[in-house]
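If you want this note's numbering, it's the position in the sequence shown, counting the first as 1, plus 20.
C-beta atoms are modelled at their ideal positions from N, C-alpha and C, and glycine is treated no differently.
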Amino acid sequence: MVIRCTHCEKKYEVAEDKLTHTVTKARCRKCGKTFSLQDQKNTSENGGNGGKVTNNRPRTIGVSLSKGGVGKSTTAVNLAAGLAMAGYKVLLVDTDTQGQDSFMLGVKPEAGLTELVIGEMPAREVMCKARENLWLLAGGKSLAGLKRMIDRKDFGGELTLKEALEPLESEFDYVVVDTSPGWDPLTVNVLFYVQDLLTPVSLEVMTLQGLGEFLKSLSAIRKYRKGISLKYILPTFHDKRIRQTDTILRKIKEIYPKLLCPSIRYNVRLSEAPAYGKSIYEYAPGCNGAHDYRQLVRTVTGRDDLFR
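This is the structure we're talking about:
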């Protein structure tokens, strides 16, 4: 049967006779964390689907840092597009009032996240199919009003996004949520919804300070929402010509060795692609940026075979 690490989704083929009733946990060789086997064994014993782990929820990943200019939208869009290219059904949710994800994908949705949350339009009409296997819930200026609506709620305002998105989850394998810079009601909503956080960190001193502040705020959130964890720290704008970037990267690796992803190298093609409404894989598939984001998709899925 096939078992899967519930932390990094690395899959292993294991002979069923090895998994006796006394074996309830396993340690993942990829991420080093321990995970339960009970639900996975139950799935296999009940027929399942060839040993594949079944889960009613998709993986929900928030791309977030309270500092701007670190590549959050670039990362969210290219991670979502890469997962879709790999055959997963993906929903990309833009919670930023700038609405850049639509621009980067070259689509012009007539509605988006605001209309879904307030119930003005049904989900089928607000989800824009941006690519094969990829759907977008667009952000934009209307989110400013949504933030005010959340602020006015006397109770449960932090669960507004969760309540709106959960009915859609059964259709997707991944939900990737792009957040705005700063700390606002929608960012808090994202942290009360997603399971995993991916934090892009440009290799600058001020960004390290921003990471520290963000982790303090995240710690406060985790007192009330235990289901969220920081899973990935993604160095961006890695320019090997600048000595300081390597110094900062080493420092991050010392502090967060298990969370650090392979860097996204500085690449001018990444800044050019949005002007053409294309992902980096479409605009310049052979460039360093496309190579690095493919590696990010492999890291997130735990599948080293992708795009080979």
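- Residue 260 and residue 283 have their C-alpha atoms roughly 11 Å apart.
- Counting only the Cα atoms, residue 247 lies some 15 Å from residue 237.
- The residue among 105, 77, 178, 116 with its C-alpha nearest the C-alpha of residue 88 is 116.
- For residue 122, the enclosing alpha helix (DSSP H) stretches over residues 120-125.
- If you ignore the 5 residues before and after residue 50, its C-beta comes within less than 8 Å of the C-beta of 25, 28, 30, 322, all in its own chain and listed in chain order.
- For residue 178, the CB contacts under 7 Å within the same chain, skipping 5 residues up- and downstream, are 208, 209, 212 in chain order.
- When the five nearest sequence neighbours on each side are left out, the beta carbons in the same chain lying within less than 8 Å of the beta carbon of residue 326 are those of 106, 314, 317, 318, in order along the chain.
- Beta-bridge analysis with DSSP links residue 314 to no other residue.
- Secondary structure of residue 55 (DSSP, three-state): strand.
- For the pair residue 132 and residue 165, the CB atoms are not nearer than the 8 Å cut-off.
- DSSP, reduced to helix, strand and coil, places residue 279 outside both helices and strands of the structure shown, so it counts as coil.
- Separation of residue 188 and residue 146 (C-alpha to C-alpha, rounded to the nearest whole angstrom) is 12 Å.
- In this structure, DSSP gives residue 273 a helical state, which the three-state scheme calls helix.
- For residue 284, there is no enclosing beta strand (DSSP E), since its DSSP letter is neither H nor E.
- Residue 122 sits away from residue 198, with the two beta carbons spaced by 8 Å or more.
- Shown here for residue 127: same chain residues with a beta carbon closer than 6 Å to its own, the five before and five after excluded, namely 148, 150 in chain order.
- In its chain, beyond the 5 residues on either side, 221 have a beta carbon closer than 6 Å to the beta carbon of residue 231.
- Sorting 299, 289, 266, 288 by C-alpha distance to the C-alpha of residue 104 places 299 at the top.
- As the crow flies, the alpha-carbon of residue 256 is around 10 Å from that of residue 281.
- Boundaries of the beta strand (DSSP E) harbouring residue 157: 154-157, taken from the DSSP string.
- If you ignore the 5 residues before and after residue 80, its C-beta comes within less than 6 Å of the C-beta of 195, 214, 215, all in its own chain and listed in chain order.
- Buried is the label assigned to residue 135, since at least 16 other Cβ atoms lie within 10 Å of its Cβ.
- The alpha-carbon of residue 233 is positioned some 8 Å away from that of residue 86.
- Nearest C-alpha to residue 271 among 328, 229, 152: 229.
- The three-state reading of DSSP puts residue 213 in coil, since its state is none of H, G, I, E or B.
- The alpha-carbon separation between residue 265 and residue 192 amounts to approximately 37 Å.
- For residue 179, there is no enclosing beta strand (DSSP E), as DSSP gives it neither H nor E.
- A distance below 8 Å between beta-carbons, with the five flanking residues on each side excluded, links residue 43 to the following residues of its chain, in chain order: 57.
- For the pair residue 110 and residue 183, the Cα-to-Cα distance works out to about 18 Å.
- By the neighbour-count criterion, in which a residue is buried when 16 or more other Cβ atoms sit within 10 angstroms of its Cβ, residue 320 is buried.
- Setting aside the 5 residues that flank it on each side, residue 83 is surrounded in the same chain by 92, 95, 96, 198, 218, each with a C-beta closer than 6 Å to its C-beta; the list follows chain order.
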